[in-house]
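Novice: Protein chains in written order, with my numbering: chain A, 232 to 343; chain B, 194 to 308. Mind looking over this structure? Questions follow.
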Amino acid sequence: QQQVKQSPQSLIVQKGGISIINCAYENTAFDYFPWYQQFPGKGPALLIAIRPDVSEKKEGRFTISFNKSAKQFSLHIMDSQPGDSATYFCAAPYSSASKIIFGSGTRLSIRP
Amino acid sequence: KAGVTQTPRYLIKTRGQQVTLSCSPISGHRSVSWYQQTPGQGLQFLFEYFSETQRNKGNFPGRFSGRQFSNSRSEMNVSTLELGDSALYLCASSLGQGAQLYGYTFGSGTRLTVV
Numbered sequence: 232q233q234q235v236k237q238s239p240q241s242l243i244v245q246k247g248g249i250s251i252i253n254c255a256y257e258n259t260a261f262d263y264f265p266w267y268q269q270f271p272g273k274g275p276a277l278l279i280a281i282r283p284d285v286s287e288k289k290e291g292r293f294t295i296s297f298n299k300s301a302k303q304f305s306l307h308i309m310d311s312q313p314g315d316s317a318t319y320f321c322a323a324p325y326s327s328a329s330k331i332i333f334g335s336g337t338r339l340s341i342r343p
Numbered sequence: 194k195a196g197v198t199q200t201p202r203y204l205i206k207t208r209g210q211q212v213t214l215s216c217s218p219i220s221g222h223r224s225v226s227w228y229q230q231t232p233g234q235g236l237q238f239l240f241e242y243f244s245e246t247q248r249n250k251g252n253f254p255g256r257f258s259g260r261q262f263s264n265s266r267s268e269m270n271v272s273t274l275e276l277g278d279s280a281l282y283l284c285a286s287s288l289g290q291g292a293q294l295y296g297y298t299f300g301s302g303t304r305l306t307v308v
């Protein structure tokens, strides 16, 4: 069973700081690595995704960094705000099927 | 544009009963995937439907089944409910088969509690 390993499990960051969440994946035949954000009582929502023809993708305060040789990718949230407090999931395509495997999630809390 | 609609939002069932959950995808989306979310196991893939056919299936027992209708709406059924089936069941719609190409849009889920 292919896995996506996500760390840390929980993270507390001061307002204005940088939040960093890491993921490692196993072999995959597809090149698409998304991050999802989930607020309590809601389903996950696509936050940002990268295709590894580039090593970094930035959208506003959110950046994905991708290291294909190490099979790792990370989410950086710059100038973290209390509204960013949520659970974040990385995901990777399953190697042999058109489905997504999710990491175990990181509960992020931003202190005012 | 309406999002993914899941009904009901909350459900309480007794062990041994069966349950049917419904999902209406975003208009124009033809793929529907189902996930089970629990605190211990996280988000686990149940199955994916595209053009009324099951395309992929996760590692769940046969008590979990689903179907998709011609209008892309989907239902999942769980028979002989067990306490461990208590979870948030999420439906995700995608424009086409393969979320790696199109990305998922999730509904808010159905919270199932088995007592």
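Where is the CB? At the ideal position from N, CA and C, for every residue including glycine.
Taking C-beta pairs closer than 8 Å, name the residues in chain A that B:L283 reaches, listed in chain order.
Specialist: Contact note: B:L283 reaches chain A through G274, P275, using a C-beta cutoff of 8 Å and chain order.
Novice: For chain B, find out if any of its Cβ atoms is closer than 7 Å to the Cβ of A:F333; answer yes or no.
Specialist: yes
Novice: Taking only beta-carbon atoms, is B:N264 less than 7 Å away from chain A?
Specialist: no
Novice: Who are the near neighbours of A:F270 in its chain, counting only those whose CB is closer than 7 Å to its CB and skipping five residues on each side?
Specialist: A317
Novice: Got a sec: is the Cβ-Cβ distance from B:G300 to anything in chain A below 7 Å?
Specialist: yes
Novice: State yes or no: is the beta carbon of B:G289 nearer than 7 Å to at least one beta carbon in chain A?
Specialist: no
Novice: Look at the Cβ atom of B:S163, then the Cβ atom of B:V212, and state whether they are nearer than 7 Å.
Specialist: Since the first residue shown for chain B is 194 and the last is 308, residue 163 of chain B is missing from the structure and cannot be characterised.
Novice: Could you tell me whether the Cβ of B:E241 comes closer than 7 Å to any Cβ of chain A?
Specialist: yes
Novice: Please list, in chain order, the chain B residues whose beta carbon lies closer than 8 Å to that of A:G336.
Specialist: G235, L236
Novice: Say whether the stretch 302-310 of chain A touches the stretch 244-258 of chain A, bearing in mind that this needs 3 or more beta-carbon pairs closer than 8 Å, one atom from each stretch.
Specialist: Touching, yes, given that three or more Cβ pairs across the two stretches are closer than 8 Å.
Novice: Expressed to the nearest angstrom, what Euclidean distance is found between the alpha-carbon atoms of B:V307 and B:G289?
Specialist: 33 Å
Novice: Step through the CB atoms of chain A and report whether any lies within less than 7 Å of the CB of B:G296.
Specialist: Cβ-Cβ to chain A under 7 Å: yes for B:G296.
Novice: Are there 16 or more other CB atoms within 10 angstroms of the CB of A:K246, so buried, or fewer, so exposed?
Specialist: exposed
Novice: Shortest alpha-carbon distance to A:G314 belongs to which of A:I332, A:S286, A:L339, A:N258?
Specialist: A:L339
Novice: For a quick check, are the C-beta atoms of B:Q234 and B:Y282 less than 7 Å apart?
Specialist: No. Outside cutoff.
Novice: Determine which residues share a DSSP beta bridge with B:L204 and list them.
Specialist: In DSSP, B:L204 forms a bridge with B:L305.
Novice: Of all Cβ atoms in chain B, is any one closer than 7 Å to the Cβ of A:K236?
Specialist: no
Novice: So, does the CB of A:K345 fall closer than 7 Å to a CB anywhere in chain B?
Specialist: Absent from the model: residue 345 of chain A. The displayed extent of chain A is 232 to 343, so no value can be given.
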